[in-house]
């Protein structure tokens, strides 16, 4: 564990000497993650990619990739594209990455069950903006918008989300 890791604690996420309040999954923490359980999986999850909405904000880093119309994330465990980005039209179960609300204006994709996905082990553990303080996610970790932006701008290569 090092200073560039995001470490979930009972009081929030510790990152680079600061403590950020956050929301986690409605199902609490789990060591046995399954699709649809609403739980945040325990483990050391690498940060794989940073996505942002170019129509709503500037790229927070040079490495950030834009979310475009038609960008989706597959949560169809029966499909070969399970727990991977896909493009519309996509006939299987999925989540839109370009949402009407601001939750995915800035998204950090973790390495939970990605890129080597095991069907049914849970998809899309993202780090994203929260709806409001204390409102649970479907298993992701969520922050206040300005905190999420600060975190994204200060991430270093090799950063991980550590959930114990």
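Numbering (our numbering), first residue to last: 208 to 371.
The beta-carbon is built from N, C-alpha and C at its ideal position, and this holds for glycine as well.
Please read all numbers here as calculations on a predicted model, not as lab measurements.
Taking all protein chains shown into account, do 16 or more other C-beta atoms lie within 10 angstroms of the C-beta of residue i, making it buried, or fewer, making it exposed?
| i | result |
| --- | --- |
| residue 212 | buried |
| residue 240 | buried |
| residue 290 | buried |
| residue 248 | buried |
| residue 235 | exposed |
| residue 232 | buried |
| residue 238 | exposed |
What number of angstroms, rounded off, separates the C-alpha of residue i from the C-alpha of residue j?
| i | j | result |
| --- | --- | --- |
| residue 322 | residue 334 | 16 Å |
| residue 283 | residue 352 | 29 Å |
| residue 273 | residue 263 | 11 Å |
| residue 254 | residue 326 | 21 Å |
| residue 302 | residue 365 | 27 Å |
| residue 256 | residue 300 | 22 Å |
| residue 279 | residue 296 | 9 Å |
Thinking C-alpha only, which one of the options is nearest residue i?
| i | options | result |
| --- | --- | --- |
| residue 270 | 280, 227, 258 | 258 |
| residue 338 | 222, 229, 217, 221 | 229 |
| residue 298 | 306, 285, 234 | 285 |
| residue 344 | 226, 221, 246, 237 | 246 |
| residue 354 | 217, 221, 364, 210 | 221 |
| residue 307 | 296, 288, 275 | 275 |
| residue 226 | 215, 315, 233 | 215 |
| residue 368 | 279, 281, 304, 316 | 316 |
| residue 209 | 217, 219, 223, 218 | 223 |
| residue 265 | 301, 303, 292, 313 | 313 |
| residue 370 | 348, 324, 288 | 348 |
| residue 356 | 288, 260, 218 | 260 |
| residue 242 | 296, 218, 362, 320 | 320 |
Cβ atoms of residue j and residue i: under 9 Å apart, would you say?
| i | j | result |
| --- | --- | --- |
| residue 318 | residue 294 | no |
| residue 244 | residue 341 | no |
| residue 360 | residue 267 | yes |
| residue 332 | residue 252 | yes |
| residue 292 | residue 310 | no |
Please check if any C-beta of chain B sits within less than 9 Å of the C-beta of residue i.
| i | result |
| --- | --- |
| residue 300 | Looking at the structure shown, chain B is missing, and only one protein chain is on hand. |
Quick check: is any heavy atom of the ligand NAD less than 8 Å from the C-beta of residue i?
| i | result |
| --- | --- |
| residue 266 | With respect to the ligand NAD, the structure shown offers nothing to examine, as it has no ligands at all. |
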